[in-house]
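Number of protein chains: 4
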Amino acid sequence: MLTGIYAPIPTPFAADGEIGWEELKKNLAWWGATPLAGLVVAGTNGEAAYLEGAEKERLVACVREGTPAEKKVVAGTGCESTRETIALSRTVAKAGADAVLVLNPYYFRGGMTKEVLQKHYFTVAESSPVPVIIYNMPRNTGFNMDSDLLISLSRHPNITGLKDSSGNIVQISEVVAQAGDSFAVFAGSANFLLPSLLMGAAGGTLALANIMPRECVKIYDLFKAGRLEEARNVQLRVLEVNAAVTSRWGVPGLKAALDLMGRYGGPPRSPLLPLPAGLREELKKILAGVDLL
Amino acid sequence: MLTGIYAPIPTPFAADGEIGWEELKKNLAWWGATPLAGLVVAGTNGEAAYLEGAEKERLVACVREGTPAEKKVVAGTGCESTRETIALSRTVAKAGADAVLVLNPYYFRGGMTKEVLQKHYFTVAESSPVPVIIYNMPRNTGFNMDSDLLISLSRHPNITGLKDSSGNIVQISEVVAQAGDSFAVFAGSANFLLPSLLMGAAGGTLALANIMPRECVKIYDLFKAGRLEEARNVQLRVLEVNAAVTSRWGVPGLKAALDLMGRYGGPPRSPLLPLPAGLREELKKILAGVDLL
Amino acid sequence: MLTGIYAPIPTPFAADGEIGWEELKKNLAWWGATPLAGLVVAGTNGEAAYLEGAEKERLVACVREGTPAEKKVVAGTGCESTRETIALSRTVAKAGADAVLVLNPYYFRGGMTKEVLQKHYFTVAESSPVPVIIYNMPRNTGFNMDSDLLISLSRHPNITGLKDSSGNIVQISEVVAQAGDSFAVFAGSANFLLPSLLMGAAGGTLALANIMPRECVKIYDLFKAGRLEEARNVQLRVLEVNAAVTSRWGVPGLKAALDLMGRYGGPPRSPLLPLPAGLREELKKILAGVDLL
Amino acid sequence: MLTGIYAPIPTPFAADGEIGWEELKKNLAWWGATPLAGLVVAGTNGEAAYLEGAEKERLVACVREGTPAEKKVVAGTGCESTRETIALSRTVAKAGADAVLVLNPYYFRGGMTKEVLQKHYFTVAESSPVPVIIYNMPRNTGFNMDSDLLISLSRHPNITGLKDSSGNIVQISEVVAQAGDSFAVFAGSANFLLPSLLMGAAGGTLALANIMPRECVKIYDLFKAGRLEEARNVQLRVLEVNAAVTSRWGVPGLKAALDLMGRYGGPPRSPLLPLPAGLREELKKILAGVDLL
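Protein chains in written order, with the working numbering: chain F, 600 to 892; chain A, 600 to 892; chain Z, 600 to 892; chain Y, 600 to 892.
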């Protein structure tokens, strides 16, 4: 069972839009030296929406190779169709993924009933050689998978966890309460990590962990050690910087932060645009405020 | 400064729609014997939307009279217009309210800018003889007052707290982090009480406290005593019953629960209808499940 | 049966927030000389949300007295509770209202089921001495009353029409198609007046009719005369100015427009604020563009 | 410039999920004998979300080959990334598409600012060998491209039209009013076809045209002939059946309707499920009501 703090890594692109493999390797070396439990490849922050299947496969292989063996590698494989999701899950499993993170189909949101999504996830789970982690991301998909559905999915033996980015602490509580101890719920953003842990989450998959891996792990470790007051102080301290690289400026913000810290962020793929210069200055101040520069 | 657990009491109506004063007094005697920190009159659960000003005034006087002196009485006074909000706040203060709970105006939601709401709340705060507690209730008003606005409002010396029913734990965290120690944030529903306390909330104003006052206070006390694991267990245990008397069946659910428990719930005012018989049976099972029958 | 173009008039307030009766009379003299079919008092643009019941009663009496007998006077009476809606409907009918415009209750939006709203409207219709016109205003109430509900309400003999401000032309079409010829559907905003007439609407209740009564009536008359191309040209010409006094700047925009045209707009009641000076300049240009200055 | 009525055809799948080429050809022969102006391949109803690029290419070639030369073939090519959208537009143009219908990127909806979408569409338009038609589909993408953005896009010489499925007649009016005569606006659903034509739309791209091509064309022809009353009667008559194959039951409803009419609908691709038997019976009655059985 997966636990702890994961970084959903961004995919580095060169100016021509192609993947920057050397830049990726350098970043991997850095993340590999942190106490992170693992990395997520081709998730939202990896701009999975802009990657082709073959690119995802190669990314997983590259990340697996460049990451210490004790760290897990999870690959995002949710596609709109069941068949493409299955095919990709098999491919990345062969390429070294320890688990797959499966975003729900959402284009036909009016048709994504409980029955439809159950059948989809169960079919994927039965076909995937590695465990399936559900990915609930209402801000991007436009709808929420509710507790009732999530709990029903948790009954499948090959569906072993959930990344919930809804930020709905009640929903997280309800899933924890009813899904059983062997089901791992992950907070999908650092700004609700500590309350999620309190309610029983197994860890977090956090954009912020890309730039502040040690602080994110610290919240986790302090909580596990029962040092709540200290955990809360770290949690409150990272709220603003977390917003900057998630809800406020998204992937362009996260990539700009990496650049400002001397790592490689680079440009996002079109249509996303790099963070404008003015906002980059604002971001700089926010990063300085948490001693990241 | 207010702290602890408050019950936003329902207003008992007789079959003809008039307020049932005797029934209210009996309920007050019961709540008065619990460890609740206080009661909220004419809030959402009090069907304030269906009460006239004179009724609210008389309700506050009756509740103050029927409630032990050590318990606080808070009165809901938010109206659409600033002038009516001020007038009502003065009236209930005279009638014995220790503080007023002020829901934001919302009919012209497109016009409720930060500037408009700041001026409204500051004007009310300057005119109110008792402290003002902001009431954020997006599910009913149709829009959320965000952290930025709430924090700016918290700077006013006569605005001393917030009841946040959004359930957004990140927003609650942000307000706690920046509003200062003398500003009391209350969880607006029992289903996110414990995580709110963890992040620094001063208490809760909880529909559930009407029917499970001791359990709600227990979560608070266990948390204060550092007995987190036990606090979490109580928190997880009340999720379903809390949903039944809030998001799921609302005021009709809460009133039916009181009736089933041998207290007086009675019918809501029209247009709300009593909980249908079939759902009442379902509610009965939920209440039995938490030993309330 | 009501037909044609109505102006939902703003309520003039003096600087101290009290109703400006003399200013109202002057405006009435102006509107009385236009080809408008009637006026609506205490609607959204009348800031009904900020008026007390006694004020609404006096407004209706004043408007009835100051308006030519051949023009109809409709009064907004929708309150949250059924009893208050009935009481107000009776009061304004005595004061001279030809019909009442009844906004649905909306605070407990989760509880406003089809059954609840049917019972509410039927009870009001049975108690009102004058015909009831349903008022659907999702932008302000936060939810839409759908075709199915509206059609069911249209079956009641004392519910004779609908003001639909949703702008949903399909919903308007569905209601027209199924509600029968004696049910009058009114477009709730000038920007979808012509398509609504095409689909069978009986007229419009239009904020824009307060400042451009003749142009609004012209769209109606040209349509009735089968001069579609000309009707469309007028319709397209008023889109921008209509947005300025509705969705864009709301009541403050409408009042500022009246002021700029030499009528009395005056300030809105708090918490609404007058249109800021910068936007007033912008509005001036828009009004000049349609020859209103 | 494109005008008239288009059918966005469904993609026929065999029981194993593969494209049914023979079934497609039979359907094409049928649609080819109708007065439709053209067909749209790989749109929403074509389950583009579940098709691979190579399948889309082959579909376009097959449809072009099986469709009379005087009818246009439009291909859906909107992908999340700009580069994939361009590549696919080039591919389908070579395969015979007369124009491309480009849905906006939407996964990163928070980042899809006016600037981002302008750059995306302009880049695609400059690279596409055939004209670009914008596709606005808020129900599926989760956000609306507003009039202001759409009008700015219409200025590009290779962006020649818009399919607007928002149903917002005001937005359609605004775009028509400001985009110029050479820009073709298409109603995106039959239920607002006639009002759209009235306000200046050039035609419609209508799921309903797959099963009622002649009636859809009739609305268009009657309108063009100035026979408004008759046009309205046809428009009102098709509302219910249109809802059945769009907002109510979506692609499964459309495919079931084709099956019931003796054409080939077949199953949708997973995760979508075929229309359940009970609803199929209900659909049967609706189809019978408009003489389609």
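The beta carbon of each residue, even a glycine, is placed where N, CA and C say it ideally should be.
Hey, Asn681 (chain Z) and Thr712 (chain Z): beta-carbon distance below 9 Å or not? Counting from 1 along the third sequence, the entry for residue 681 (chain Z) is found at position 82. Counting from 1 along the third sequence, the entry for residue 712 (chain Z) is found at position 113. Per the sequence shown, residue 681 (chain Z) should be read as Thr rather than Asn. Contact: no.
Which chain F residues are close to Asn735 (chain A), counting only those with a beta carbon under 8 Å from its beta carbon? Working through the second sequence from its first residue, we reach residue 735 (chain A) at position 136. Residues of chain F passing the Cβ test: none, with the nearest at roughly 16 Å.
Go through its chain and collect everything with a Cβ distance to Arg868 (chain Z)'s Cβ below 7 Å, but skip five positions before and after it. Position 269 of the third sequence, counted from the start, is the residue given in the question as residue 868 (chain Z). Excluding positions up to five away in sequence, the list reads Phe612, Gly616, Glu646 and Tyr649.
What does DSSP give as the partner residue(s) for Thr804 (chain Z) in the beta ladder? The sequence position of residue 804 (chain Z) within the third sequence is 205, counting from 1. Z:Tyr605.
Return helix, strand or coil for Tyr649 (chain F), following the three-state DSSP convention. For the purposes of this step, residue 649 (chain F) is identified with residue 50 of the first sequence, where counting begins at 1. Three-state DSSP puts Tyr649 (chain F) in a helix.
Using the rule of at least 16 other Cβ atoms within 10 Å of the residue's Cβ for burial, across every protein chain shown, is Gly849 (chain Y) buried or exposed? Translated into positions along the fourth sequence, residue 849 (chain Y) becomes position 250. By the 10 Å Cβ count, Gly849 (chain Y) comes out buried.
Pick from A:Glu651, A:Ala641 and A:Thr676 that is closest to Val662 (chain A), judged by C-alpha positions: Mapped onto the second sequence, residue 662 (chain A) falls at position 63. Per the Cα distances, A:Ala641.
In its own chain, which residues sit with a C-beta less than 8 Å from the C-beta of Ala842 (chain F), not counting the 5 before and 5 after it? Position 243 of the first sequence, counting from 1, holds the residue named residue 842 (chain F). Around Ala842 (chain F): Asn790.
Buried or exposed: where does Lys655 (chain A) fall if 16 or more other Cβ atoms within 10 Å of its Cβ makes it buried? As a first step, residue 655 (chain A) must be located in the second sequence, where it is residue number 56. It is buried - the Cβ of Lys655 (chain A) has at least 16 other Cβ atoms within 10 Å.
Taking Cβ to Cβ, would you say Ala801 (chain F) is nearer than 9 Å to Thr845 (chain F)? Taking the first residue of the first sequence as position 1, residue 801 (chain F) is located at position 202. Taking the first residue of the first sequence as position 1, residue 845 (chain F) is located at position 246. Contact: no.
Within chain Z, partners of Glu679 (chain A) - CB distance below 7 Å: To locate residue 679 (chain A), count along the second sequence from 1; it is residue 80. Near Glu679 (chain A) (Cβ distances below 7 Å), the residues of chain Z are Ala648 and Tyr649.
So, are the CB atoms of Val715 (chain Z) and Thr676 (chain Z) less than 9 Å apart? As a working mapping, residue 715 (chain Z) is identified with position 116 in the third sequence. As a working mapping, residue 676 (chain Z) is identified with position 77 in the third sequence. Against a cut-off of 9 Å, the Cβ pair of Thr676 (chain Z) and Val715 (chain Z) comes out as no contact.
Go ahead and label Trp630 (chain Z) buried or exposed: buried means 16 or more other beta carbons lie within 10 angstroms of its beta carbon, across all protein chains shown. Along the third sequence, one-based indexing puts residue 630 (chain Z) at 31. Buried, since its Cβ has 16 or more Cβ neighbours within 10 Å.
Per DSSP, which residues does Tyr705 (chain F) bridge with? Please list them. Position 106 of the first sequence, counted from the start, is the residue given in the question as residue 705 (chain F). According to DSSP, Tyr705 (chain F) bridges with nothing at all.
So Leu716 (chain A) contacts chain Z; which residues on that side make the cut at Cβ distance below 8 Å? On the second sequence, position 117 is the one that residue 716 (chain A) refers to. Near Leu716 (chain A) (Cβ distances below 8 Å), the residues of chain Z are Pro870.
Going residue by residue through the stretch 815 to 892 of chain A, where are the continuous alpha helix (DSSP H) segments of at least 4 residues, counting only ones entirely within it? 827 to 836, 838 to 842, 849 to 859 and 876 to 888
Taking Cβ positions, are Asn898 (chain Y) and Ser727 (chain Y) nearer each other than 9 Å? Chain Y is shown from 600 up to 892; residue 898 (chain Y) falls before or after that span and cannot be answered.
9 Å Cβ cutoff met for Ile608 (chain F) and Gly803 (chain F): Sequence index remark: in the first sequence, residue 608 (chain F) carries index 9 (1-based). Sequence index remark: in the first sequence, residue 803 (chain F) carries index 204 (1-based). No, they are not a contact pair.
Taking three-plus beta-carbon pairs below 8 Å as touching, is the stretch 729 to 743 of chain Y in contact with the stretch 685 to 704 of chain Y? yes
Is the stretch 778 to 793 of chain Y touching the stretch 748 to 762 of chain Y in the sense that three or more CB pairs, one from each, lie closer than 8 Å? yes
Ala724 (chain A) CB to nearest chain F CB: under 9 Å? By 1-based counting over the second sequence, the position of residue 724 (chain A) is 125. No - not a single Cβ of chain F is within 9 Å of the one on Ala724 (chain A).
In chain F, what lies closer than 7 Å to Tyr706 (chain Y) by C-beta? Looking up residue 706 (chain Y) in the fourth sequence gives position 107. The contacting residues are Ala648 and Asn739.
Can you find a C-beta in chain Y that's less than 9 Å from the C-beta of Phe849 (chain F)? Working through the first sequence from its first residue, we reach residue 849 (chain F) at position 250. Note that residue 849 (chain F) corresponds to Gly in the displayed sequence, not to Phe. Yes, Gly849 (chain F) counts as interfacial toward chain Y.
Of all the options Y:Leu835, Y:Ala614, Y:Leu687 and Y:Leu874, which has the alpha carbon lying nearest to the alpha carbon of Leu853 (chain Y)? Translated into positions along the fourth sequence, residue 853 (chain Y) becomes position 254. Among Y:Leu835, Y:Ala614, Y:Leu687 and Y:Leu874, the Cα nearest to that of Leu853 (chain Y) belongs to Y:Leu874.
Could you spell out where the beta strand (DSSP E) holding Ile733 (chain Z) opens and where it closes? Here residue 733 (chain Z) refers to the residue found at position 134 of the third sequence. Residues Val731 to Asn735.
Who are the near neighbours of Glu881 (chain A) in its chain, counting only those whose CB is closer than 7 Å to its CB and skipping five residues on each side? In the second sequence, residue 881 (chain A) corresponds to position 282, counting from 1. So no residue of the chain qualifies.
Thr712 (chain F) by DSSP, collapsed to three states: which one? Here residue 712 (chain F) corresponds to residue number 113 of the first sequence, with the count starting at 1. Here Thr712 (chain F) sits in coil by DSSP.
Amino acids of chain Z, ordered along the chain, whose beta-carbon sits closer than 8 Å to that of Gly616 (chain A): Sequence index remark: in the second sequence, residue 616 (chain A) carries index 17 (1-based). Result: Arg682.
In whole angstroms, give me the CA-to-CA distance for Gly665 (chain Z) and Val659 (chain Z). Translated into the one-based positions of the third sequence, residue 665 (chain Z) becomes position 66. Translated into the one-based positions of the third sequence, residue 659 (chain Z) becomes position 60. Rounded to whole angstroms, Gly665 (chain Z) to Val659 (chain Z) spans 10 Å at the Cα level.
Neighbourhood of Leu857 (chain Y) by C-beta distance below 6 Å, restricted to the same chain and skipping five residues each side: If you number the fourth sequence from 1, residue 857 (chain Y) lands on position 258. So the list reads Gly864, once near-sequence residues are dropped.
Terminal residues of the continuous alpha helix (DSSP H) containing Gly631 (chain Z)? The residue given as residue 631 (chain Z) occupies position 32 in the third sequence. Looking at the DSSP string, the run of the alpha helix (DSSP H) that includes Gly631 (chain Z) is Trp620 to Gly631.
For Gly787 (chain Z), which residues in chain A fall below 8 Å Cβ to Cβ? Numbered from 1 along the third sequence, position 188 holds the residue referred to as residue 787 (chain Z). Near Gly787 (chain Z) there are no residues of chain A at all, since even the closest Cβ is about 15 Å away, more than 8 Å.
Output the residue ranges of the alpha helix (DSSP H) runs that lie fully inside the stretch 732 to 780 of chain F and measure 4 residues or longer, sorted by chain position. 737 to 740, 746 to 753 and 768 to 778
Look up Lys671 (chain Y) in the DSSP assignment and say whether it is helix, strand or coil. Position 72 of the fourth sequence, counted from the start, is the residue given in the question as residue 671 (chain Y). Looking at Lys671 (chain Y) - three-state DSSP - the assignment turns out to be strand.
Gly957 (chain Z) bridges to which residues according to DSSP? Nothing about residue 957 (chain Z) can be reported from this structure: the residues present for chain Z run from 600 to 892 only.
Where Glu773 (chain Y) falls, given that 16 or more other Cβ within 10 Å makes a residue buried: Numbered from its first residue, the fourth sequence carries residue 773 (chain Y) at position 174. Label assigned to Glu773 (chain Y): buried.
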